[in-house]
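Engineer: Below are the structure tokens for one structure; questions will follow.
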Amino acid sequence: MMGLPCQFATVDVVSVLGTDQNVTQHVTKWSIDAEGVRQRLSDRNMQQSDVTVELYDKGVSETLEELHDDGEDAVSLDIDTIKFALHQHEYVFVHFYAGWCSHCRDLAPTWEMLAEVMDSAADEHLDEQIESSAHSPDYTDEEYNEAKSLLKPVFIGKADCVMHKQLCMEQGVRAYPTLRLFVDGKRHRTGDYAGDRTVIGLTAYLKLIEEEHKEGTDKMVTVDKALDVAKDMMSISDEEAEWAEKMKAKKHKLTQMWKDEDHPGCQMSGFLLVDRVPGNFRIQARSKSHDLAAHMTNVSHEIHHLSFGDHKVLINLLDRGELKGVSDSLSKSLSPMDGNVYITHNLHEAHHHYLKVITTNFKDANLPSYARRITKDGVLRGYQILQNSQLSLYRNDIVPEAKFTYDLSPISVSYRKTSRHWYDYMTSVLAIVGGTFTIVGMFESSIHTLGKPRVGERSLLNRCVN
Numbered sequence: 000m001m002g003l004p005c006q007f008a009t010v011d012v013v014s015v016l017g018t019d020q021n022v023t024q025h026v027t028k029w030s031i032d033a034e035g036v037r038q039r040l041s042d043r044n045m046q047q048s049d050v051t052v053e054l055y056d057k058g059v060s061e062t063l064e065e066l067h068d069d070g071e072d073a074v075s076l077d078i079d080t081i082k083f084a085l086h087q088h089e090y091v092f093v094h095f096y097a098g099w100c101s102h103c104r105d106l107a108p109t110w111e112m113l114a115e116v117m118d119s120a121a122d123e124h125l126d127e128q129i130e131s132s133a134h135s136p137d138y139t140d141e142e143y144n145e146a147k148s149l150l151k152p153v154f155i156g157k158a159d160c161v162m163h164k165q166l167c168m169e170q171g172v173r174a175y176p177t178l179r180l181f182v183d184g185k186r187h188r189t190g191d192y193a194g195d196r197t198v199i200g201l202t203a204y205l206k207l208i209e210e211e212h213k214e215g216t217d218k219m220v221t222v223d224k225a226l227d228v229a230k231d232m233m234s235i236s237d238e239e240a241e242w243a244e245k246m247k248a249k250k251h252k253l254t255q256m257w258k259d260e261d262h263p264g265c266q267m268s269g270f271l272l273v274d275r276v277p278g279n280f281r282i283q284a285r286s287k288s289h290d291l292a293a294h295m296t297n298v299s300h301e302i303h304h305l306s307f308g309d310h311k312v313l314i315n316l317l318d319r320g321e322l323k324g325v326s327d328s329l330s331k332s333l334s335p336m337d338g339n340v341y342i343t344h345n346l347h348e349a350h351h352h353y354l355k356v357i358t359t360n361f362k363d364a365n366l367p368s369y370a371r372r373i374t375k376d377g378v379l380r381g382y383q384i385l386q387n388s389q390l391s392l393y394r395n396d397i398v399p400e401a402k403f404t405y406d407l408s409p410i411s412v413s414y415r416k417t418s419r420h421w422y423d424y425m426t427s428v429l430a431i432v433g434g435t436f437t438i439v440g441m442f443e444s445s446i447h448t449l450g451k452p453r454v455g456e457r458s459l460l461n462r463c464v465n
């Protein structure tokens with residue numbers, strides 16, 4: 000998959016029997032960079048329970064409307080104001096969302112609470128500066144708010160991708176919610192936030208990033224104050240907060256050298272268990288913690304190998320020429336799509352493939368001795384594929400998918416070598432000998448008949464002799 004990250008790539012199998020199963024657990028996924036080079040580490044299974052995250056903070060009991068009673072702390076951004084925010088603030092944390100996204104609606108109160116935490120931390124920091132100042136400045140409300148905004152440990156913003164579609168397309172947002180941190184005006188190298196979406200978890204992550212960014216400098220770390228505020232507001236004990244920080248630091252060490260923009264695609268390899276009935280399997284974008292943006296989903300793909308059944312022994316026999324009377328094109332027909340590339344250049348489209356699977360049997364007598372020993376019923380089976388592909392269009396609200404529809408042919412092809420019994424051979428030999436004897440006898444009789452003189456000729460011959 001050239002444009003689908005491994006974190007979203009899943010495989011589903013559906014058959015006419017009603018079987019619908021997710022088989023991603025049988026598939027290994029490797030992230031690939033922009034040049035198509037596979038990276039060293041493979042992606043974890045999407046179905047494993049140890050990679051689940053908290054989708055929102057259940058400790059935030061207020062609704063979004065109640066949190067907005069004293070004003071919105073998370074600042075709404077558009078394509079112009081985000082540039083100003085990135086220029087004005089050292090750390091900018093943005094929530095890219097869509098109004099129809101259920102995960103975004105669940106996260107909204109948590110995100111607003113995080114913004115209030117940063118706002119309260121800035122209040123405390125500014126009050127400490129005023130108290131420590133020899134001459135307490137006389138701020139107006141506007142000046143106080145401006146000074147406080149400059150002291151915010153992290154600027155918390157949000158962008159509606161439905162209203163500001165161009166902004167989200169420029170940022171490459173393909174799933175909602177996307178939580179993206181910018182440091183010094185640039186996207187942080189660790190990529191989008193993928194941890195627990197709790198106030199403590201988010202704040203601990205920001206503290207960790209700030210400590211790493213300011214390490215070796217004389218700049219003061221300020222997010223630790225926000226973490227203290229978060230603990231007070233969320234009624235979290237010091238032990239729980241310390242545990243959250245340690246877990247966040249451990250996960251951060253594993254991913255700090257990972258750059259999402261360098262790994263836009265995913266190489267998938269494995270096997271699928273399918274019923275012996277018509278069905279299909281699909282490679283699609285899906286996430287338990289995100290809603291996908293259909294217009295940003297590209298399922299262009301290259302097929303390195305696709306076949307039905309285990310063909311290792313059969314391919315080996317074909318390559319060595321040990322199967323007599325078999326077409327040279329048989330090996331190619333077992334996996335005709337190998338090496339094919341299917342690229343989509345426009346939005347809301349994907350390639351669909353239709354496969355007719357033909358069972359091909361090689362009987363025991365036609366196999367070498369070593370191949371006979373590994374067959375269960377004396378038959379080595381292969382599955383030839385007749386394939387046809389076409390480009391399909393999708394509605395604007397449907398996420399495209401690479402679909403492979405297969406159907407088993409009612410006609411099978413069988414190769415077998417037959418041999419005659421010894422008595423059949425002897426019968427044929429005797430028949431040949433008998434036939435030869437009969438023909439020779441007829442030929443001899445004909446010659447004898449033609450060479451025998453008639454009565455009149457014999458009398459004339461006798462007179463001449465006398």
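Numbering (numbering that gives the first Met the number 0), first residue to last: 0 to 465. Yeah, the Cβ is synthetic: ideal placement off N, Cα and C, and Gly gets one too.
1. To the nearest angstrom, how far is the alpha carbon of V494 from that of L85?
2. Going by DSSP in three states, Q46 sits in which element: helix, strand or coil?
3. How close, in whole Å, do the beta carbons of H161 and A97 come, if the pair is a contact with beta carbons under 8 Å?
4. Do T358 and A349 come within 9 Å of each other at the CB atom, strictly closer than that value?
5. Using DSSP with H/G/I as helix, E/B as strand and the rest coil, what is K28?
6. When the Cα atoms are used, what is the spatial distance from D56 to D406?
7. Do you know offhand how far F361's Cα is from T189's?
8. Would H347 pass as a contact of S388 if the rule is Cβ separation under 9 Å?
9. Would P263 pass as a contact of P4 if the rule is Cβ separation under 9 Å?
10. Using the C-alpha atoms, what's the distance from Y393 back to A293?
11. Starting from G200, trace the alpha helix (DSSP H) both ways and give me its first and last residue.
12. Would you mind stating whether V91 and L180 have Cβ atoms separated by less than 9 Å?
13. Are there 16 or more other CB atoms within 10 angstroms of the CB of F154, so buried, or fewer, so exposed?
14. In terms of DSSP beta bridges, what is F442 paired with?
15. Can you tell me which of the three DSSP states I384 falls into?
16. My output table needs one value for A107: the three-state DSSP class, helix, strand or coil.
17. Going by C-alpha to C-alpha distance, which of E53, G433 and D327 sits closest to L313?
18. For I81, does the count of other Cβ atoms within 10 angstroms reach 16, so buried, or fall short, so exposed?
19. Measuring alpha carbon to alpha carbon, tell me which residue in M232, Y341, I397 and Q383 is nearest G58.
20. Using the three-state DSSP reduction, which class does I302 fall into: helix, strand or coil?
21. Around the C-beta of G381, are 16 or more other C-beta atoms found within 10 angstroms, so that it is buried, or is it exposed?
22. If I'm right that A73 touches A114 with Cβ under 8 Å, what's the distance once you round it to whole angstroms?
23. Going along the chain, which residues of its own chain have a beta-carbon closer than 6 Å to the beta-carbon of V26, five neighbours each way excluded?
24. Less than 9 Å between the C-beta atoms of D475 and L166, yes or no?
25. Is it buried or exposed, D309, if we count other Cβ atoms within 10 angstroms and call 16 or more buried?
26. Using only the alpha-carbon positions, how far apart do A193 and R281 sit?
27. Please state whether the Cβ-Cβ distance between D227 and E53 is less than 9 Å.
28. Please list the terminal residues of the continuous beta strand (DSSP E) segment that includes H350.
29. Under 9 Å, do Q283 and P409 count as touching if we go by C-beta distance?
Structural biologist: From the atom records:
1. Residue 494 falls outside the range modelled here, since the chain spans only 0 to 465, and no answer is possible.
2. As a first step, residue 46 is located in the sequence shown; it is residue number 47 there, counting from the start. Confidence in Q46 is poor, its pLDDT being 42 and thus under 50, which makes the residue's placement too unreliable to answer from.
3. Within the sequence shown, residue 161 is the residue found at index 162, counting from 1. Within the sequence shown, residue 97 is the residue found at index 98, counting from 1. Sequence inspection shows Val at residue 161; the His mentioned does not correspond to that position. Confirmed, Cβ separation roughly 5 Å.
4. The residue given as residue 349 occupies position 350 in the sequence shown. The residue given as residue 358 occupies position 359 in the sequence shown. No. Outside cutoff.
5. Here residue 28 refers to the residue found at position 29 of the sequence shown. K28 falls in the strand class under three-state DSSP.
6. Taking the sequence shown and counting its residues from 1, the one referred to as residue 56 is at position 57. Taking the sequence shown and counting its residues from 1, the one referred to as residue 406 is at position 407. Spanning the two alpha carbons is a distance of roughly 47 Å.
7. As a first step, residue 361 must be located in the sequence shown, where it is residue number 362. As a first step, residue 189 must be located in the sequence shown, where it is residue number 190. Using only the alpha carbons, I get a separation of about 54 Å.
8. As a working mapping, residue 347 is identified with position 348 in the sequence shown. As a working mapping, residue 388 is identified with position 389 in the sequence shown. Remark: C-beta atoms of H347 and S388 do not approach each other more closely than 9 Å.
9. The residue given as residue 263 occupies position 264 in the sequence shown. The residue given as residue 4 occupies position 5 in the sequence shown. Cβ distance < 9 Å, so P263 and P4 count as in contact.
10. Your numbering for residue 293 matches position 294 in the sequence shown. Your numbering for residue 393 matches position 394 in the sequence shown. If I take the Cα positions, the gap works out to 9 Å.
11. For the purposes of this step, residue 200 is identified with residue 201 of the sequence shown, where counting begins at 1. Taken as a continuous stretch (DSSP letters only), the alpha helix (DSSP H) holding G200 covers V198 to H212.
12. Taking the sequence shown and counting its residues from 1, one reaches residue 91 at position 92. Taking the sequence shown and counting its residues from 1, one reaches residue 180 at position 181. Against a cut-off of 9 Å, the Cβ pair of L180 and V91 comes out as a contact.
13. The residue you call residue 154 lines up with position 155 of the sequence shown. Flag for F154 reads buried.
14. By one-based count along the sequence shown, residue 442 stands at place 443. For F442, which the question treats as bridged, DSSP gives no partner whatsoever.
15. Here residue 384 refers to the residue found at position 385 when the sequence shown is read from its first residue. Of the three classes helix, strand and coil, the one that applies to I384 here is strand, per DSSP.
16. Position 108 of the sequence shown, counted from the first residue, corresponds to residue 107. In the structure shown, A107 adopts helical secondary structure according to DSSP, grouped into three states.
17. One-based indexing of the sequence shown puts residue 313 at position 314. Among E53, G433 and D327, the Cα nearest to that of L313 is on D327.
18. On the sequence shown, residue 81 is found 82 positions in, with the first residue counted as 1. When all chains shown are included, I81 counts as buried.
19. Taking the sequence shown and counting its residues from 1, the one referred to as residue 58 is at position 59. Of the candidates M232, Y341, I397 and Q383, the one whose C-alpha sits nearest the C-alpha of G58 is M232.
20. Taking the sequence shown and counting its residues from 1, one reaches residue 302 at position 303. Coil, per DSSP.
21. Taking the sequence shown and counting its residues from 1, the one referred to as residue 381 is at position 382. Label assigned to G381: buried.
22. Residue numbering aside, residue 73 sits at position 74 when the sequence shown is read from its first letter. Residue numbering aside, residue 114 sits at position 115 when the sequence shown is read from its first letter. Indeed they touch by this definition, with Cβ atoms about 4 Å apart.
23. The sequence position of residue 26 within the sequence shown is 27, counting from 1. Here the set comprises V10, M267 and G269.
24. Since the first residue shown for the chain is 0 and the last is 465, residue 475 is missing from the structure and cannot be characterised.
25. On the sequence shown, position 310 is the one that residue 309 refers to. It is exposed - the Cβ of D309 has fewer than 16 other Cβ atoms within 10 Å.
26. Within the sequence shown, the letter at position 194 stands for residue 193. Within the sequence shown, the letter at position 282 stands for residue 281. C-alpha separation (whole angstroms): 25 Å.
27. By one-based count along the sequence shown, residue 227 stands at place 228. By one-based count along the sequence shown, residue 53 stands at place 54. Not closer than 9 Å, so no.
28. Numbered from its first residue, the sequence shown carries residue 350 at position 351. Per DSSP, the unbroken beta strand (DSSP E) holding H350 starts and ends at E348 to K362.
29. Start at 1 with the first residue of the sequence shown, and residue 283 comes out as number 284. Start at 1 with the first residue of the sequence shown, and residue 409 comes out as number 410. Contact flag unset, no.
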